[in-house]
Every structure is written in structure tokens, then in C-alpha cells.
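J.:
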Amino acid sequence: MVQAILMAMSVTKAQLEEAIRQLKQGGVVIFPTETSYGIACDATNHQAVERVMRIKQRSDTMPMALIIADMSMAQWCGQLDPALEELAKRHWPGPLTVVVPNANRDLSPLCLRDGTVGLRISSHPIAHALTEGLGKPIVATSANRSGCPSAYSVAEIQEQFANQQDQPDLYLDGGTLEPSPPSMIIELVNGEIVVHRQGSFKL
Numbered sequence: 001m002v003q004a005i006l007m008a009m010s011v012t013k014a015q016l017e018e019a020i021r022q023l024k025q026g027g028v029v030i031f032p033t034e035t036s037y038g039i040a041c042d043a044t045n046h047q048a049v050e051r052v053m054r055i056k057q058r059s060d061t062m063p064m065a066l067i068i069a070d071m072s073m074a075q076w077c078g079q080l081d082p083a084l085e086e087l088a089k090r091h092w093p094g095p096l097t098v099v100v101p102n103a104n105r106d107l108s109p110l111c112l113r114d115g116t117v118g119l120r121i122s123s124h125p126i127a128h129a130l131t132e133g134l135g136k137p138i139v140a141t142s143a144n145r146s147g148c149p150s151a152y153s154v155a156e157i158q159e160q161f162a163n164q165q166d167q168p169d170l171y172l173d174g175g176t177l178e179p180s181p182p183s184m185i186i187e188l189v190n191g192e193i194v195v196h197r198q199g200s201f202k203l
């Protein structure tokens with residue numbers, strides 16, 4: 001499939017609809033977030049999630065977090081403890097991923113780890129529009145080869161993915177992003193909030 005590169009800074013409704021159409025058909029889309037560029041697919045489409053793994057050359061033992069549209073979708077995906085729900089409401093939309101027990105069998109097993117799933121609501125309008133338009137959570141791992149630095153421009157992504165057979169189907173080019181830490185990852189373990197990865201703010 002010929003890749004398309006769409007400018008997110010001036011993205012039209014038709015272009016967003018094309019990206020959503022790609023996701024609905026099992027496609028893989030590169031898109032900007034508030035932290036770095038991400039690589040997205042429908043989190044309920046196992047074959048699409050496998051493609052993301054191949055493109056990133058990522059081990060299938062490493063789960064991928066999901067971007068969701070709202071709290072209703074969060075509850076569709078997982079079981080939010082009141083303490084985590086309170087933190088999520090305080091910091092969403094934004095770069096906070098909460099790890100919760102999975103509550104939906106429709107999610108690809110590649111998105112899960114020991115029966116848990118990572119969720120966040122993105123503050124980037126393009127990221128939010130994709131999951132809202134799809135009506136489902138999207139896989140939202142960083143758009144880079146496993147072990148390589150996060151990418152802040154489409155050119156960096158294309159360089160990392162060059163010379164490999166499987167490629168993303170569509171790029172939404174939001175220009176060069178400001179380098180930013182990845183999202184904070186938290187989980188409730190034995191009644192205590194555990195920070196698995198620090199982010200750009202303190203709880």
C-alpha cells in the first residue's frame with residue numbers, strides 16, 4: 001500500500017476521516033501526541049496489533065498502552081479503582097497512563113500484561129480525534145523501532161523504519177514536536193500507588 005502523509009497542522013475533516021477509515025480497516029497510522037509521535041491501530045484488531053509489533057520490531061512480551069476517548073471507554077476497557085479514577089480525572093487529558101485490570105475480552109492479548117491494561121486520554125487533538133472517531137481504544141505506542149529513541153518528527157520515523165518490508169499505511173505529520181518525557185505510568189499495587197515510569201509532572 002502506498003503511504004500517505006497528511007499535515008496535522010492543517011488537517012481537514014476528510015483527512016481525519018481517511019485516517020479513521022484506515023484504522024477501521026486494520027491499518028496502521030502514525031500520529032502526533034503530547035509526548036512524541038505514536039503508532040496507532042485498532043486495539044481490538046489482533047492482526048493490526050501484530051502489524052504494529054512487526055513494524056516496531058517489538059517483542060510480543062511487551063504490552064502496549066491504549067489511548068481512549070473518555071471515562072466511559074476507560075470503564076469499557078478496565079476496572080478503575082476509585083483512587084486511580086480520581087487521579088485519572090485530575091490529570092486526563094494528559095500524559096498519564098494508568099494500569100488497571102482488564103475488563104474486556106475484545107482487546108488484543110498483545111495489549112495486556114498479566115491481565116492488566118494501560119490506559120490514557122491524550123490531550124493532543126489529533127490523537128483524541130482518532131480514538132473518538134474509531135469509537136474504540138487505539139494502540140498508542142511510540143513510533144520508533146524498539147530500542148531506538150522516541151521520534152519527534154516524521155522524518156525521524158521514516159529513517160528508523162527505512163529498508164523494512166512492513167510500513168505504516170498513513171502518516172499524520174504534525175511538524176517537529178517539542179521533545180518531552182513519555183507518559184507517567186502508575187498502578188495500584190496492594191492498595192498503594194506505584195509509579196512504574198516517571199513523567200513530566202509529580203503526583
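full-length UniProt numbering numbers the first residue of the sequence shown as 1 and each following residue consecutively. By construction, the Cβ of each residue, glycine as well, lies at the ideal position given by its N, Cα and C atoms. Keep in mind the model is a prediction, meaning the values are calculated, not measured.
Identify, in the order they occur along the chain, each residue of the same chain with its Cβ nearer than 7 Å to the Cβ of residue 200, setting aside the five sequence neighbours on each side.
T.: The residues are 95, 180, 181.
J.: What are the uninterrupted segments assigned as beta strand (DSSP E) that are 3 or more residues long and contained completely in the region 20–78, given in chain order?
T.: Those beta strand (DSSP E) runs which fall completely within the region 20–78 and span 3+ residues are 29–32, 37–42.
J.: Taking Cβ to Cβ, would you say residue 138 is nearer than 8 Å to residue 23?
T.: Result yes, Cβ atoms of residue 138 and residue 23 sit closer than 8 Å.
J.: Which partner residues does residue 98 have in the DSSP bridge list?
T.: In the DSSP output, where bridge partners are listed per residue, residue 98 has 119, 186.
J.: Let me confirm a value: residue 146 is counted as buried when at least 16 other C-beta atoms fall within 10 Å, else exposed. Which label applies?
T.: Exposed is the call here.
J.: Hey, would you say residue 174 sits closer than 8 Å to residue 82, going by beta carbons?
T.: No, the pair does not count as a contact, with Cβ atoms beyond the cut-off.
J.: For residue 93 versus residue 142, is the C-beta spacing smaller than 8 Å?
T.: Contact: no.
J.: Span of the beta strand (DSSP E) holding residue 241?
T.: Residue 241 lies beyond the range of the chain shown here (1 to 203); nothing can be said about it.
J.: Enumerate in chain order the residues of its own chain whose CB-to-CB distance from residue 6 is below 6 Å, with the five nearest sequence positions on each side excluded.
T.: Annotation note: pLDDT 48 at residue 6 (below 50); position unreliable, coordinate value reported separately. Once the five neighbours on either side are set aside, the close Cβ partners of residue 6 are 15, 172.
J.: When we look at the beta-carbon of residue 205 and count the other beta-carbons within 10 Å, is it buried (16 or more) or exposed?
T.: This structure gives no information on residue 205, because the portion of the chain shown stretches from 1 to 203.
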